[in-house]
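Enquirer:
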Amino acid sequence: MKIKSKDYRVQEGDKVNLKKWPTRVDPAYKSKKNYHKKLKNQVEELSELQRLHYASNRYALLLIFQAMDAAGKDGAIRHVMSGVNPQGCQVFSFKHPSATELDHDFLWRTTQSLPERGRIGIFNRSYYEEVLIVRVHPEILRSQGLPDEGLDKKTIWQERYRSIMGLENHLYRNGTRIIKFFLHLSEEEQRKRFLDRIDEPDKNWKFSIADIEERKYWKQYMQAYEACLGATSTKNAPWYVVPADDKKNARLIVSRIILDTFNALNMHYPETDAKRQQELLSIRQQLMKEAPGGN
């Protein structure tokens, strides 16, 4: 199967029903060996584009990963970005906000970690938690110190969507390209992965009782994701729903979407003007004189 990015993209204005989006599709690889070969080729291509991106210094790239527990966010980030120069890429994981973060607006803590031009920023969870977990557990709002008028359940989520889209449009106008991935895992596949985390000692650290507690809210989370994806997928900052029951295939899909986004950018290495060429020639001559024999 050839991967087409558009097949996974949520179109602007779409009403999302996640039951109609598959959690598993025909794999883009024929065998485990073929998977490793395909991923290696895509990682190498991404590495080349990242060097061009860094040298061009025209755009920033922000990758956002959201998913239910055990969907494979960490693995996708680790495998897909394995060939990228760490100097040009940073990963940020956002967990429970600190007291200082709660004293600011909900976009403040993530805004501080946005990537610079020429760099790739990865958010493992993001400001979207504020319209996902907070929507499923609205009691969290009470800890955010919001004024009473900011707690209207009829309007707060639409207002937060508008705030998010305002930020993303601002970033786009200033050169940041945003790709948002929802790794779409089935409830049954999550059950199997939780069992693996219990049964395999080296995976015990990945599992907590809180994971099981959150699993009880599966239906509510799917509803929150559906509302969020439909409201905030735009031409300038699209959401991609990636089937995640097959981890290997999910990594190939994520990689292809990133590559397609990079290839659509107008990037080039800085051109050397006549003055700079003369300067380099002069330096070269000096270095040649330092060689044994002065040649």
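Residue numbers (the working numbering): 171 to 465. We put the beta carbon where it would ideally sit given N, CA and C, even for glycine. None of the values given here were measured: they were computed from a predicted structure.
1. Tell me the residue span of the beta strand (DSSP E) that contains S263.
2. As an exercise, report each continuous beta strand (DSSP E) stretch of at least 3 residues that is fully enclosed by the region 399 to 446, in chain order.
3. From L457, I427, R194, pick the residue whose C-alpha is nearest to that of K174; which is it?
4. Alpha carbons only, please: which of K350, V306, L302 is nearest the one belonging to Y410?
5. Of all the options L450, L429, S356, which has the alpha carbon lying nearest to the alpha carbon of V195?
6. Counting only runs of 3+ residues fully inside the region 288 to 375, write out the beta strand (DSSP E) ranges in chain order.
7. Measure the alpha-carbon distance for N291 versus Q257 and round it to whole angstroms.
8. Would you kindly check if the distance between the Cβ of G242 and the Cβ of A444 is under 8 Å?
9. If we require 3 or more residues per run, which beta strand (DSSP E) segments fall completely within the region 216 to 254?
10. Which partner residues of V180 appear in the DSSP bridge assignment?
11. Is it buried or exposed, P408, if we count other Cβ atoms within 10 angstroms and call 16 or more buried?
12. Identify whether Q393 lies in helix, strand or coil by the three-state DSSP scheme.
13. Pull up the distance between the alpha-carbon of K190 and that of K405, whole angstroms please.
14. Return the first residue and the last residue of the alpha helix (DSSP H) that A461 is part of.
15. Hey, would you say R347 sits closer than 8 Å to T270, going by beta carbons?
16. By the three-class DSSP mapping on this structure, what secondary structure does E383 have?
17. Would you give the residue range spanned by the alpha helix (DSSP H) that A269 belongs to?
18. Beta carbon of L222, beta carbon of S425: below 8 Å?
19. I'd like the span of the alpha helix (DSSP H) that includes W191, first residue to last.
20. Would you call A230 buried or exposed, if buried means 16 or more other Cβ atoms sit within 10 Å of its Cβ?
21. Please say whether L429 and V180 have beta carbons closer to each other than 8 Å?
Expert: Checking against the coordinates, here is how it stands:
1. 259 to 263
2. 409 to 413
3. I427
4. Measuring from the Cα of Y410, the nearest candidate turns out to be K350.
5. Shortest Cα-Cα distance from V195 to any of L450, L429, S356 involves S356.
6. With a minimum length of 3 residues, the continuous beta strand (DSSP E) runs that stay inside the region 288 to 375 are 290 to 294, 346 to 354.
7. In the sequence as presented, Asn is not what sits at residue 291; that position holds Gly. Those two C-alpha atoms are separated by around 11 Å.
8. no
9. 230 to 237, all fully within the region 216 to 254.
10. W409
11. buried
12. Of the three classes helix, strand and coil, the one that applies to Q393 here is helix, per DSSP.
13. 22 Å
14. Note, A461: premise wrong, no alpha helix (DSSP H); not H, not E.
15. no
16. helix
17. Here the alpha helix (DSSP H) through A269 covers 269 to 272.
18. no
19. Per DSSP, W191 belongs to no alpha helix (DSSP H) and is neither H nor E.
20. buried
21. Not in contact: V180 and L429 (Cβ atoms no closer than 8 Å).
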